[in-house]
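Colleague:
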Amino acid sequence: MRRCSWRIFLAVVFGCVVLGQTSVLRAQAVAPKDTGVKIDGEYGPFLPTDISVDGYQVDRLINVLHVFMIGLFVGWGLFFAFCLVKYRQRPGHRANSVLIKAKPSKYLEIAVAIFEAVLLFGFSIPVWARVKSEFPTDDPMRVRVVAEQFAWNFHYPGADKKFGKLNPKIIDLVKNPLGRMDDDPAGKDDFVSGEFHVIEGRSVVVEILSKDVIHSFFVPVLRVKQDAIPGMRIPIWFKTKEKTAGAYEIGCAQLCGNNHFSMRAVMHVDTPEQYAAWVKKVTAPPEEFKED
Amino acid sequence: MSTAVLPYTVEPHPITRLYSGKLGIWLFLASEVMLFGALFSSYVLLRVGAPVAGPAAWPAHAETGLSWKIGGFNTLVLIISSVTMVMAWAALKTHNIGRAKAYLATTVFLALVFIVVKLTLEYIPKIQAGHTPSHNNFFALYFTLTGLHALHIIGGIIVITYFIGPGSALWKTDPEYFTNRVECTGLYWHFVDLVWIFLFPVLYLT
Amino acid sequence: MAQHQHKGGGHGHDHHHHDDHGAGHHELSYWRKYIFSVDHKIIGIQYGLTALCFLFFGFSLMMIMRWQLAYPNKPIPVIGSLFPSFFPGGAMAPEMYNAFGAMHGTIMVFLGVVPMLVGAFGNYVMPLQIGAPDMAFPKLNMMSYWVYFCGGVTMLASFFVKGGAAQSGWTSYAPLSVITQPHQWGQTMWLIGMVFLITSSLLGSINFITTIVQLRAKGLTMFRLPFFVWAQFVTSFLLLLAFPPLEAAGILQLMDRVAGTSFFMPEGLVVSGQMQSYTGGGNPLLWQHLFWFLAHPEVYVLILPAMGMVAEIIASNTRKALWGYRTMVYSIIFLGFMSFIVWAHHMFITGMGQKMAAFFATTTMIISIPSVVILTAMVITLHGASIRFNVPMLFALAFLPMFAIGGLTGLPLGLPVSDIQLHDTYYVIGHFHYVVAPGTIFAIFAGIYFWFPKATGRMMNEALGKVHFVLSFIFINVAFMPMFFQGLAGVSRRLADQTGYAHGNAVQGLTRMSSWGAWMLGLSQVPFIINFFVSMFAGRKVSENPWESTTLEWSAPSPPPHGNFKSTPVVHRGPYEYGVPGIAKDYFPQHQAGAEA
Ligand code: HEM
Ligand SMILES: [Cu+2]
Ligand SMILES: [Cu+2]
């Protein structure tokens with residue numbers, strides 16, 4: 035009688051959970067807040083689209099790890115479940131006070147250690163070295179990303195490929211958000227945009243700065259994430275694959291204040307023609323000066 | 174009294190050879206080492222990482238306006254106070270409570286001298302000269318480190334005064350227990366002294 | 252000597268009191284007995300009740316936040332209209348979300364779990380397990396509790412000051428924590444509250460170490476200590492040595508906020524187009540280093556005592572000695588040491604170079620090994636056992652796979668390359684919640700059900716307990732499992748609304764599922780709350796050793812009187828002598844003399 039009521043209880047709870055959760059899951063998601071741009075790529079409960087030539091190394095490590103973790107967990111769980119059933123207390127059963135010699139556990143621990151070492155020295159440290167210090171030499175694009183509460187500014191060096199100096203003292207939120215100095219010749223042809231444009235298949239070196247607090251430059255489809263720390267200028271690089279032109283999301287991954295959740299920008303991966311057209315558009319003199 | 178009867182509050186534990194209070198104070202000092210250690214590490218990091226020029230640059234020694242004479246005097250005062258603290262404990266060991274109290278009082282007096290010198294000859298003139306903590310990171314560290322140290326001194330003054338006054342009643346009922354407490358206070362006092370001996374060269378001489 | 256012992260320890264400051272009343276055992280006033288008590292058991296219970304309240308409060312904050320996550324910007328039912336000043340328009344504004352998030356983290360870690368594990372269980376059980384009459388410094392013990400209480404009140408009060416509570420996460424990264432809420436009290440009160448909590452933990456850890464070193468019963472050598480005591484011992488060292496740097500960091504941040512110094516402020520900060528008045532020259536990463544130097548050992552503080560409790564319960568309910576007790580002890584000591592040199596694995600994404608990253612990734616991989624060893628040892632203990640499925644055991648058993656999930660998912664976060672994608676996403680939230688919620692919180696429940704009869708002399712109800720277990724187990728997984736998938740999808744943590752992102756919107760269904768899990772988990776606590784209070788007064792009465800366990804706490808009366816034991820216990824054997832051949836009963840208590848096994 036008691037057993038039976040327990041089973042009914044468990045079954046009812048379980049049924050409710052399954053039904054409830056499927057209905058919660060199925061409820062149609064709200065439409066994404068309109069950023070005015072359609073975002074490309076596929077998104078779901080696993081890793082999103084990867085458009086970077088090196089992204090696969092991150093994905094590979096994540097995937098290998100999860101296969102390993104699931105394997106270990108299932109094997110371990112089977113033993114666990116076996117023990118729970120086989121060694122449950124029941125009449126006539128008494129615990130065996132002699133401790134087993136569990137050699138396999140030692141092998142298991144050693145295997146785990148070796149596996150971790152392989153992951154570390156085979157898949158992590160070399161990749162990290164590549165990402166961190168093998169900066170591209172194939173004439174990369176250079177862009178500065180300046181984060182602020184709650185926007186991303188993209189500072190392009192222009193035709194001379196040199197960034198002009200910035201002076202925080204002359205920052206003006208509307209006219210000069212980065213504090214560019216007029217008297218620096220290197221800065222004459224620089225331009226700043228709220229959109230990030232790169233050319234597909236070309237390497238990009240990005241210098242990451244922040245004006246106020248710590249932000250984090252996160253481009254999920256590139257497998258790129260780097261904190262933007264005030265007082266520091268941190269270079270990173272990536273290279274998009276060929277034929278990946280489209281619009282992708284940039285997010286802020288570090289709590290930076292009230293509107294952290296909405297600190298987004300769009301990364302446009304352009305064909306060379308699209309890029310040239312965009313540069314022309316942003317560097318064109320503003321409307322009111324066109325007349326003279 | 175219903176506090177449970179606890180062993181080793183007075184007599185040492187046969188294995189550790191420490192009474193509990195002494196072990197406790199050593200552990201406390203270990204945590205204090207970590208506290209000041211973290212602050213000293215911050216000092217090193219901030220100094221090494223300071224910009225070379227501009228208002229945030231690390232000031233040259235002359236600019237700090239810290240006089241090694243005043244600092245040296247205070248160092249001496251603290252060292253002597255450490256000695257008088259030991260003498261107080263030694264006097265208790267020879268069962269001379271009167272002399273012990275006199276030494277404790279001297280210790281308190283020296284500690285007060287330290288605080289008064291610090292306040293009138295250093296803090297107040299510095300702040301009047303505009304060298305407030307926000308002036309630059311040297312002064313920020315100077316005020317934070319010496320301020321925290323001064324709080325430790327004040328804490329010591331309160332405890333020692335307590336042992337001269339109401340706390341000394343314990344001497345009549347349990348002289349050994351009282352002696353132990355003075356010993357522990359002494360350990361703390363030497364530590365505070367030691368911190369200053371690190372602070373002095375770091376702030377006044379370099 | 253005997254005369255000295257008479258005076259007792261640690262009640263130094265009121266010796267006149269002592270003299271006035273003589274050494275007689277008179278009744279204490281209500282206040283001295285239950286409020287300002289120096290008895291470790293009363294203090295333990297005070298800690299426990301306070302911490303349970305804070306756990307519930309911190310959890311409630313999260314249940315409200317989960318509404319905003321599941322149904323962004325929709326008015327919160329009931330609560331939204333009850334507190335219009337907190338929720339303008341009934342919905343949760345982003346600053347309120349941030350404040351609740353920061354306080355959820357802070358309250359759960361510093362006011363809930365640590366006081367529960369160390370303050371409550373450590374205080375109550377540890378002296379009993381080592382056969383001590385009390386803690387080494389009872390007055391200090393009382394002070395720890397009241398300082399903790401002040402810290403809690405400070406944190407709670409910060410909700411009501413102008414500008415609200417701290418909003419910069421439980422990590423309080425500078426410069427954000429310095430420049431938000433300028434001239435307001437939220438973050439400043441957070442810092443002051445932290446100084447209280449740190450002080451309390453420091454006093455506590457000194458007391459614990461001294462007690463374990465000095466007051467063990469005769470015959471109780473270090474390798475006869477129950478594993479729980481070892482866990483408390485290592486934990487205390489972590490608290491003792493890791494907390495002061497955070498205290499230093501807190502003082503520095505307080506100076507930055509209040510005195511305008513620039514410890515964490517670099518030159519040329521511009522906030523909303525306004526040049527800041529800070530001189531500069533500071534370094535934001537200094538805060539992170541100081542913070543994580545504490546906070547990594549801190550996460551071991553959150554788990555080691557839980558492991559200890561689970562080990563006790565497993566030994567008692569498998570009717571078997573722990574497998575590999577010594578190995579477990581060495582592992583836990585090793586864990587303690589290692590936890591001081593892994594902290595920067597929280598900072599891979601700050602622009603860390605190759606050598607540093609390689610070092611911290613290596614130490615992180617190394618530290619995972621002893622955890623694997625401990626977990627394996629506990630599972631192997633089940634082999635050949637006779638497992639009693641009572642409520643404490645159910646929670647303790649559930650701890651094992653849940654902690655395993657938490658631990659395994661730490662691997663991708665400990666390797667810098669996979670961390671690039673997963674850092675600061677919900678994957679991290681899922682990872683550490685599997686460790687602290689179905690892990691530590693389940694261990695806490697297990698501990699409550701297990702030691703409740705010791706503290707009250709009454710059992711908690713088994714049927715209600717099982718209902719509580721089943722519901723909690725299901726819903727805690729419903730709440731946390733989706734987070735791993737959200738994290739893989741790239742959803743960042745601390746977002747008041749993730750639907751603005753295409754990748755966030757794609758998994759909004761999972762977010763909602765997690766929220767429902769959390770609310771149902773909240774409801775599942777009702778049987779526990781009822782059980783807890785009703786059993787306190789009406790539970791089945793039991794003798795001193797209802798679980799037929801071997802460790803010393805079960806040889807004291809339930810509840811133990813002041814001074815704990817009827818006669819000073821002497822220990823004759825190791826902690827887990829179950830099923831010893833030649834003994835009629837299947838357990839052989841530590842204090843019982845007789846043939847050595
Ligand atoms: C059992 C129910 C719990 C639920 C449903 C829950 C849920 C959450 C969620 C969803 C977040 C992320 C919030 C965000 O990123 O915006 C979070 C953060 C956090 N939780 Fe919990 N949690 C629970 C219990 C705990 C416990 C027991 C602890 C600690 C021991 C804890 C410690 C934290 C911490 C430290 C954070 C980070 C806060 C921050 O971002 O500053 N939580 N929790
Ligand atoms: Cu942000
Ligand atoms: Cu960590």
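Chains as they are written, first to last, in this note's numbering: chain A, 35 to 326; chain B, 174 to 379; chain C, 252 to 848. Where is the CB? At the ideal position from N, CA and C, for every residue including glycine.
Given a limit of 7 Å on CB to CB distance, which residues of the segment 590-612 of chain C reach chain A?
Modeller: So the close ones are Ile600, Thr601, Gly602, Gly604, Gln605, Ala608, Ala609 and Ala612.
Colleague: Where do the ends of the alpha helix (DSSP H) carrying Glu150/A lie?
Modeller: Looking at the DSSP string, the run of the alpha helix (DSSP H) that includes Glu150/A is Lys137 to Val152.
Colleague: Find the residues of chain C that neighbour Arg178/A, judging by a C-beta separation of less than 8 Å, and give them in chain order.
Modeller: Within 8 Å Cβ-Cβ: nothing; Arg178/A doesn't reach chain C, min ~15 Å.
Colleague: Expressed to the nearest angstrom, what Euclidean distance is found between the alpha-carbon atoms of Ser590/C and Thr301/C?
Modeller: About 28 Å.
Colleague: Just by C-beta distance, which residues in the segment 177-203 of chain B are closer than 7 Å to chain C?
Modeller: Under the 7 Å Cβ criterion, the segment 177-203 of chain B contributes Ala177, Val178, Leu179, Pro180, Tyr181, Thr182, Val183, Glu184, His186, Thr189, Ser193, Leu196, Gly197, Leu200, Phe201 and Ala203.
Colleague: CA-CA distance, Leu715/C and Phe788/C?
Modeller: Those two C-alpha atoms are separated by around 16 Å.
Colleague: So Leu306/C and Met347/C are in contact, right, with Cβ under 8 Å, and what is the actual spacing, rounded?
Modeller: That pair is no contact at about 21 Å.
Colleague: In chain order, what residues of the same chain lie with their CB nearer than 8 Å to the CB of Gly275/C, ignoring the 5 residues before and after it?
Modeller: Here Gly275/C scores only 41 on pLDDT, less than 50, and its place in the model should not be relied on; the value that follows carries that caveat. Nothing meets the Cβ criterion.
Colleague: Output the distance between the C-alpha atoms of Pro66/A and Gly751/C, rounded to the nearest integer angstrom.
Modeller: Confidence in Pro66/A is poor, its pLDDT being 49 and thus under 50, which makes the residue's placement unreliable; the coordinate value appears in the next sentence. Going from the Cα of Pro66/A to the Cα of Gly751/C covers about 5 Å.
Colleague: Shortest alpha-carbon distance to Phe188/A belongs to which of Lys195/A, Asp194/A and Val180/A?
Modeller: The candidate whose alpha carbon is nearest that of Phe188/A is Val180/A.
Colleague: Starting from the Cα of Trp186/A, find the closest Cα among Ala129/A, Asp261/A, Leu53/A and Arg128/A and give me that residue.
Modeller: Minimum Cα distance to Trp186/A is reached at Asp261/A.
Colleague: How would you call Trp282/C, buried or exposed, if buried means at least 16 neighbouring beta carbons within 10 angstroms?
Modeller: Classification for Trp282/C: exposed.
Colleague: Would you please verify whether the beta carbon of Asp670/C is less than 8 Å from any beta carbon of chain B?
Modeller: False, the Cβ-Cβ gap to chain B never drops below 8 Å.
Colleague: For Ile327/C, decide whether its Cβ has a neighbour in chain A, counting only Cβ atoms nearer than 8 Å.
Modeller: Taking Cβ atoms only, chain A never reaches closer than 8 Å to Ile327/C, which makes this a no.
Colleague: Pull the bridge partners of His231/A from the DSSP assignment, please.
Modeller: Answer by DSSP bridge pairing, in chain order: His302/A.
Colleague: How about Met314/C and Gly773/C: are their beta carbons less than 8 Å apart?
Modeller: Yes, Cβ-Cβ distance for Met314/C and Gly773/C is below 8 Å.
Colleague: Just checking: is the beta-carbon of Trp7/A within a distance shorter than 8 Å of some beta-carbon in chain C?
Modeller: With chain A represented from 35 up to 326, any question about residue 7/A goes unanswered, as that position is not in the structure.
Colleague: With DSSP as the reference, please indicate the residues paired to Ala185/A in a beta bridge.
Modeller: According to DSSP, Ala185/A bridges with Glu182/A.
Colleague: Compute the Euclidean distance between the alpha carbons of Gly111/A and Pro652/C, then round it to the nearest angstrom.
Modeller: So the alpha carbons of these two residues sit roughly 7 Å apart.
Colleague: Can you give me the Cβ contacts of Gly768/C inside the same chain, cut-off strictly under 6 Å, excluding the 5 residues immediately before and after it?
Modeller: Excluding residues within five positions, the ones whose Cβ falls inside 6 Å are Phe726, Val729 and Ala730.
Colleague: Among Gly373/C, Val289/C, Gly415/C and Ile671/C, which has the Cα closest to the Cα of Ile699/C?
Modeller: The residue with the shortest Cα to Cα distance from Ile699/C is Gly373/C.
Colleague: Assuming Gly760/C is part of the alpha helix (DSSP H), what are its boundary residues?
Modeller: First-last of the alpha helix (DSSP H) with Gly760/C: Gln759 to Leu774.
Colleague: Are there any heavy atoms of ligand 2 lying less than 7 Å away from the beta-carbon of Leu289/A, as far as the coordinates show?
Modeller: Leu289/A Cβ: within cutoff of ligand 2.
Colleague: Can you look up Cys290/A in the DSSP assignment and give me helix, strand or coil?
Modeller: Cys290/A: coil per DSSP, three-state reduction.
Colleague: Less than 7 Å separating the Cβ of Met314/C from some heavy atom of ligand 2?
Modeller: Checking every heavy atom of ligand 2 against the Cβ of Met314/C, none is found closer than 7 Å.
Colleague: Taking its Cβ as the centre, do 16 or more other Cβ atoms sit within 10 Å of His434/C, making it buried, or is it exposed?
Modeller: By the neighbour-count rule (16 or more Cβ atoms within 10 Å), His434/C is not buried but exposed.
Colleague: Using beta-carbon positions only, say whether Ala647/C and Ile554/C come within less than 8 Å of one another.
Modeller: Cβ atoms of Ala647/C and Ile554/C: not closer than 8 Å.
Colleague: Given a limit of 9 Å on CB to CB distance, which residues of the segment 452-485 of chain C reach chain B?
Modeller: So the close ones are Leu453, Leu454, Ser456, Ile457, Asn458, Ile460, Thr461, Thr462, Val464, Gln465 and Leu466.
Colleague: Run through the DSSP bridge pairs and tell me what Glu283/A is partnered with.
Modeller: In the DSSP output, where bridge partners are listed per residue, Glu283/A has Val300/A.
Colleague: DSSP puts Phe157/A in a beta bridge; with which residues?
Modeller: Partner(s): none; Phe157/A has no beta bridge.
Colleague: Could you please give me the residues that DSSP links to Leu200/A through a beta bridge?
Modeller: Arg214/A.
Colleague: What does Arg257/A reach in chain C if we use C-beta pairs closer than 8 Å?
Modeller: Neighbours of Arg257/A on chain C, chain order: Ile671 and Gln672.
Colleague: Under the assumption that Thr280/B contacts Ala261/B (Cβ atoms under 8 Å), give the Cβ distance between them as a whole number of angstroms.
Modeller: Correct: roughly 7 Å between the Cβ atoms.
Colleague: Using a Cβ-Cβ distance cut-off of 8 Å, determine whether Thr317/B contacts chain C.
Modeller: Thr317/B counts as touching chain C.
Colleague: If distances are taken between C-alpha atoms only, which option among Pro326/C, Gly356/C and Phe287/C comes closest to Arg744/C?
Modeller: Taking only the C-alpha atoms, the option nearest Arg744/C is Gly356/C.
Colleague: Is Ala769/C a contact residue of ligand 1, with contact defined as CB to any heavy atom under 7 Å?
Modeller: Answer for Ala769/C: yes, Cβ within range of ligand 1.
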